[in-house]
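Going line by line, the protein sequences match chains W and L.
Just so you know, we're using my numbering here: the first sequence kicks off at 1 and counts up by one.
Just so you know, we're using my numbering here: the second sequence kicks off at 101 and counts up by one.
2 protein chains.
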Amino acid sequence: MKNKYKDESALLKAIAHPMRLKIIELLLLELPTEGCSVNAIQKKLTIPQSTISQHLQILKNKGIIDGSKTGTRVCYRVIDKRAAKILKILKP
Amino acid sequence: MKNKYKDESALLKAIAHPMRLKIIELLLLELPTEGCSVNAIQKKLTIPQSTISQHLQILKNKGIIDGSKTGTRVCYRVIDKRAAKILKILKP
DNA sequence: TTGTATTATTTATATATTTAAATAAAGCGG
DNA sequence: CCGCTTTATTTAAATATATAAATAATACAA
């Protein structure tokens, strides 16, 4: 049977968290001017680094973001178009 | 502080379930020809009535759907435009 | 009124998610 | 090499979610 919405719900579930929505917003909007590193994200939010890394891994595992490492830093960016579209619907 | 994404994540979380996505799809697409009652929904899916009712209450509590009762039946319909838009993004 | 159909709620259990601290790993500067 | 910075992972505990059975509530029909 088709139309089981398994993948789709997994995508939504990964996005459906206040912190992760905020992270996606940061990566979409402030990535050009400010940084895209974990550290840059952490400076914006007020939560421990490990928590941020964990959220980033959740997003990465679903293919919503991707990270490119240079030195010790990792620059994350949003690669799933649907995530960006959904964010625009939520905050038009 | 603004932009906490609390409401937005609650909306997504309510939608982020295979069964609930399917229910929303049914209500959006088959509501004209087929029925919009809990029973009509149950005939499409293969899960117990109580489970469907519970999913419907979750969607209703977030204002995603609304139900109008006539007799013993309740006709549900999607009232949140964002939910419909998100579904269209997921299944274009 | 009695029974039947439809939907909602309660209860219990299993599973998943969230969080932060602690620790590990990996690269760079001195 | 040593210490520092940056990021990831593991662990444990708290909280939330999902599921189905059982039960309740309601309206209608006979």
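Each residue gets a CB set at the ideal place from its N, CA and C atoms; glycine is no exception.
Every value quoted in this text rests on a predicted model; they were computed, and no experiment measured them.
Opening and closing residue of the alpha helix (DSSP H) in which residue i lies
i, result
"I41 of chain W", "38-44"
"T151 of chain L", "149-161"
"K106 of chain L", "106-115"
Residue span of the beta strand (DSSP E) that contains residue i, given as start and end
i, result
"D66 of chain W", "65-70"
"Y176 of chain L", "173-178"
Residues that residue i contacts on chain L, provided the C-beta gap is smaller than 7 Å
i, result
"I86 of chain W", "I186, I189"
"Y76 of chain W", "Correct list: empty, because the minimum Cβ distance to chain L is about 18 Å."
"A21 of chain W", "This sequence places Leu at residue 21 of chain W; Ala is not what is there. Under the 7 Å cutoff, chain L gives Y105, E108, S109."
Whole-angstrom distance between residue j and residue i, CA atom to CA atom
i, j, result
"E30 of chain W", "S37 of chain W", "11 Å"
"N139 of chain L", "L21 of chain W", "36 Å"
"A184 of chain L", "K6 of chain W", "18 Å"
"H17 of chain W", "T133 of chain L", "36 Å"
"L45 of chain W", "G63 of chain W", "22 Å"
"N161 of chain L", "G67 of chain W", "37 Å"
Within chain W, the residues that residue i reaches when beta carbons sit closer than 8 Å
i, result
"I152 of chain L", "Result: empty, since nearest Cβ-Cβ is about 15 Å, beyond 8 Å."
Within chain W, partners of residue i - CB distance below 7 Å
i, result
"A116 of chain L", "S9, L12, K13, A16"
Proximal chain W residues relative to residue i, where beta-carbon distance stays under 9 Å
i, result
"K169 of chain L", "Neighbours of K169 of chain L on chain W: none; closest Cβ ~28 Å, over 9 Å."
Proximal residues of chain L, C-beta to C-beta of residue i below 8 Å
i, result
"R82 of chain W", "I189, L190"
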